[in-house]
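Down below is the structure, laid out as structure tokens.
Residue numbers (the numbering used here): 1 to 110.
So this is what it looks like as structure tokens:
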């Protein structure tokens, strides 16, 4: 079975930078999915003080990521990256389960 999620060095660096800017220390970053956009699903990211019951805990390169149990079947095998471009920057998810994305890239379907 593939890893639940893998993090690029850029993603780890950005998560560490975000954690360092937060007033209160966080245990990690929680990743989930929600119904949104024209393709159906969108990723969610939030600070987490502790893993919730049934969260999948992934620790990579010193960063802890908690995967919402409702999201596991949608993101297994995904690579999380952070990309900085001239006009935008943000986390990018390379998800082998995606069957398509909306035109703006905000949502996906599996």
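Here a beta-carbon is modelled for each residue, glycine too, at the ideal position from N, C-alpha and C.
In this structure, residue 27 lies away from residue 81, with their beta-carbon atoms at least 8 Å apart.
When the alpha-carbon of residue 93 is set against those of 62, 76, 21 and 59, the nearest one is in 76.
Per DSSP, the unbroken beta strand (DSSP E) holding residue 92 starts and ends at 89-94.
Contiguous beta strand (DSSP E) elements confined to the segment 11-56 occur at 28-36 and 40-48, taking only those with 3 or more residues. Residue burial is scored here from C-beta neighbours: residue 29 has at least 16 other C-beta atoms within 10 angstroms and is therefore classed as buried. Taking each of 50, 40 and 88 in turn and checking the Cα distance to residue 65, the smallest one comes out for 50. Boundaries of the alpha helix (DSSP H) harbouring residue 73: 72-75, taken from the DSSP string.
A distance below 6 Å between beta-carbons, with the five flanking residues on each side excluded, links residue 78 to the following residues of its chain, in chain order: 5, 93 and 95. Around the beta-carbon of residue 83, fewer than 16 other beta-carbon atoms lie within 10 Å, marking it exposed.
In this structure, residue 18 keeps its C-beta atom at 8 Å or more from the C-beta atom of residue 31.
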